[in-house]
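Participant: Chains as they are written, first to last, in my numbering: chain A, 22 to 806; chain B, 12 to 201.
Glycine included, each C-beta is placed from N, C-alpha and C at the ideal position.
1) From the beta carbon of residue 83 of chain B, is the nearest beta carbon of chain A less than 8 angstroms away?
2) For a quick check, are the C-beta atoms of residue 165 of chain B and residue 193 of chain B less than 8 angstroms apart?
3) Give me whichever residues DSSP pairs with residue 709 of chain A in a beta bridge.
4) Just tell me which of A/259, A/31, A/776 has its CA closest to the CA of residue 176 of chain B.
5) Give the residues of chain B in contact with residue 448 of chain A, contact being defined as C-beta atoms less than 8 angstroms apart.
6) Check for me: the beta strand (DSSP E) holding residue 61 of chain B runs from which residue to which?
7) Where does residue 598 of chain A land, buried or exposed, given buried means 16+ other C-beta within 10 angstroms?
8) Note down, in chain order, all residues in the segment 509-532 of chain A with a beta-carbon under 7 angstroms from any beta-carbon belonging to chain B.
9) When DSSP builds the beta bridges, which residues end up paired with residue 287 of chain A?
10) Are any of the Cβ atoms in chain A nearer than 8 angstroms to that of residue 57 of chain B?
11) Mind checking the segment 318-332 of chain A against chain B and listing, in chain order, the residues whose C-beta falls within less than 8 angstroms of any C-beta there?
12) Tell whether a beta-carbon distance below 8 angstroms holds between residue 475 of chain A and residue 454 of chain A.
13) Does the beta carbon of residue 79 of chain B come closer than 8 angstroms to any beta carbon on chain A?
14) Using a beta-carbon distance below 8 angstroms, is residue 477 of chain A in contact with chain B?
15) Use the C-beta contact count for residue 568 of chain A: other C-beta atoms within 10 angstroms, 16 or more gives buried, fewer gives exposed.
16) For residue 692 of chain A, does the three-state DSSP call read helix, strand or coil?
17) Is the distance from the Cβ of residue 102 of chain B to the Cβ of residue 87 of chain B below 8 angstroms?
18) If you compare alpha carbons, which of A/175, A/141, A/253 is closest to residue 44 of chain A?
19) In terms of DSSP beta bridges, what is residue 34 of chain A paired with?
20) Near residue 148 of chain B, which residues of its chain fall below 8 angstroms by C-beta distance, leaving aside the five closest residues on each side in sequence?
21) So with Cβ pairs under 8 angstroms, would you call residue 191 of chain B a contact of chain A?
22) Count Cβ pairs between the segment 637-656 of chain A and the segment 139-157 of chain A that sit closer than 8 angstroms; are there 3 or more?
23) In chain B, what lies closer than 9 angstroms to residue 354 of chain A by C-beta?
24) Based on DSSP bridge pairs, tell me the residues matched to residue 729 of chain A.
25) Give me whichever residues DSSP pairs with residue 1 of chain A in a beta bridge.
26) Count the other CB atoms, across all protein chains shown, that sit within 10 Å of the CB of residue 160 of chain A; report buried if there are 16 or more and exposed otherwise.
27) Should residue 123 of chain A be listed as close to the ligand SAM, given that the test is whether its C-beta is under 7 angstroms from any heavy atom?
28) Please confirm if the segment 508-524 of chain A is in contact with the segment 304-316 of chain A, defined as three or more CB-CB distances below 8 angstroms between the two stretches.
29) Check whether chain B comes within 8 angstroms of residue 767 of chain A, counting only Cβ atoms and requiring the distance to be less than that.
30) So residue 441 of chain A and residue 117 of chain B are supposed to be a Cβ contact under 8 angstroms. How far apart are they, rounded?
31) Listing by chain order, which chain B residues have their CB less than 8 angstroms from the CB of residue 492 of chain A?
32) Pick out the complete alpha helix (DSSP H) segments inside the segment 260-326 of chain A, 4 residues or longer, and give them in chain order.
33) Taking just the CA atoms, how far does residue 756 of chain A sit from residue 48 of chain A?
34) Could you name each continuous alpha helix (DSSP H) segment of 4 residues or more that falls completely within the segment 334-409 of chain A, going from the start of the chain to the end?
35) Return the residue from the list B/184, B/156, B/187, B/196 that minimises the CA-CA distance to residue 281 of chain A.
36) Buried or exposed: which applies to residue 595 of chain A, given that a residue is buried once 16 or more other Cβ atoms fall within 10 Å of its Cβ?
Dropping the structure here:
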């Protein structure tokens, strides 16, 4: 989230799309309700009339996978009706930049497309530059090749009638949503967008988010209290685990993981460091990380240990990982509190893949479906599966201590309430012990494999239980010349004299005895930002890009949307938050009107040339769709990776004519292992069900509570039919299309059991993130008997 | 109950950066009077520890009441500015994460081809796992590829971590990258 939970109360309009917070983030709704009480509006756009929709002022249905059509229509509405915030767009975005004539868009394809590799040459999506390399601009926005005019042209095709024929939204509802949300383009209004996996789990997931970003920039909502672009995260520390680099492509703090394209530290720095913007400091963050990981073994002479890091040469993300496992290319795997046999896409295939491992280590509180994939009740033949499985009992969140980062980037501390149950142990200790045992095996070896592992600097106290305080300090970082903790990432250097395990968190532990994650002063320090409660990365800042809430002169756009402003007498930025700006850089100084400090040009990108599938979001149909693309002859995203054979089974709409999506219920959590193993929650929602419209039920002769079979190209599951008014048939390009939905929490373990929805979902991912397309696929439904 | 809440709030504020636990009885709460009003006042003499909910990413504060080596009660932390004491159905039942009979309490091992778990000691598990990791890693380790130092193994994967604490994810990332693991993924992708 660029903003935070309690900040939502300042919103004049909250557009909730691809999310259902009333169900899945229930307590967040307190702040939405507060906004509503102050006169703000809630808008819900969802394929299903959800609990969030029930609380909304405006509801519009849309077919799963058509968000870009919807948002493209909203962009056109804002432009046509001149509802955008002109000063903001001209000065704080790249709307004025002139595009080179190599950039083109034609029938669903951007320039630079190479069909055999399904990749774009992105250098063709560039700006005209002057002799000094600065972008050429037209501040009147009238130049035909300005970003503004090119954007206007791109979305001219997204008229309300075409949009609604694709999304299936009643036109009057679509227009009501546009009217309500675009009203926040007024300088004294702020609108927020709240989204979750309904947005990201598509083959166009990244571009869905981009479309949200574009409308927020057009309406001048970024950086404002009550505004922003806010991803509601589904796990208590999925923000933190992402920040700390548990994805193949990132080290900590969003430093890209080295690949074979970066053979040396010098090559990495040259390729990955922009010439301007805050990321120009990247070498300082990477060297400080290397010093944290390799300590005295990281020296100037050995590129600070850069060569110890593994260098990949391909996409190692979840689907590719399971594809490799299925082919027998992997021998061993660790699962830390994760359950892909229920939560992974095409879960039946992922279960089979686990059987091709030699060994599997699972650390969990429960005997999950994944740890017990070899059992008869999993549909497996144990004697035919030779995988060794190690199931390690892990302690729960309050049986240990440590911090977690919520969606708002607030790093809050959990104290230990009770010792771990039975023989279970904290994951911190399990990981530490694993290191110690491996170190013991490698200590006398000098082999190529031993060398990088033995180079790790691992000093977390003596004995089996690691000292968490030492871990915290290593994350924050030290000044090695003084031995003291660094006060923040501004102090980090690229000469090997500082360390920091995760630069974006640097400053949470600025001096001995002051772990700011433990801060519990809940006095409102102004604007509901609670600056002394916990620590928000980066630099305890609560609203990102907050310089953009002030005009060119440093004055708030309005009194109501004020957060920080330039105080000429003190010669610094002051207000209710930590400024997201050099604190003494005056508006009249060079760069003083460039609020997007992380970016090279200092302004936000309405046009973004760095994504794999195009600089403007364009509508493509989901991988499995009941209709052809009405916007171009490209049906699905041309830049997605296609998988082979059994990992790419695709359903045809004639055999599987119904659009399906998955969702969650308030009483269960993710793959269900944490909730289906509890008595009360199991009793509250005890059965797998599929929600179908009254119209579809009638066509199929299905009654409420009947057992039905849902089938897709990947498999079949059984569920109880829940016949509701919450789904309605859609009219898509004149054709009637049914839409169903089902929860994905169920498996065969725990008190509440049921078939796994992900047995139906496809192995296909987004063009940038490879996040699987769980949220739009084709299926069919029939009575079970 | 109002008095209890005020006391608790005052205490947790005072506690600042130090471990925040308390016995309610120490705050001058009249235990006898409470007992007179209710026969089974389960949280009397309980220790209260603040935590953050383990479910979604809202980050609600929860107070865990423990007594006699078990969790007797949990409630929303009214000091936490996000939830101000309120909780959803999952946060409300967080006690059962501890008390559920389904919790595994011992390390379990499944041998190749076997149809059952066997209980093993932690030490045996660590030693055997470390041996398996080393065996796979040493056989599959690639030091150089096309003349470039790559120091990786593509035969070991690590998945998960969104339910771990920050400090745990940090150690996990350090260990796995240190081993040369490139198939490093977690729930943010799925």
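Facilitator: The relevant details are as follows:
1) no
2) yes
3) Beta-bridge pairing links residue 709 of chain A to no other residue.
4) A/259
5) 175, 176, 179, 183
6) 58-63
7) buried
8) 522, 523
9) DSSP lists no partner for residue 287 of chain A.
10) no
11) 328, 329, 330, 331, 332
12) no
13) no
14) yes
15) buried
16) coil
17) yes
18) A/253
19) A/62, A/212
20) 164, 166, 167, 190, 191
21) yes
22) no
23) 167, 168, 169, 170, 194
24) A/740, A/804
25) Given a span of 22 to 806 for chain A in the structure shown, any question on residue 1 of chain A remains unanswerable.
26) exposed
27) You won't find the ligand SAM in this model; it holds no ligand whatsoever.
28) yes
29) no
30) Not confirmed; about 12 angstroms, so no contact.
31) 178, 181, 182
32) 286-293, 303-315
33) 39 angstroms
34) 339-347, 361-364, 368-375
35) B/156
36) exposed
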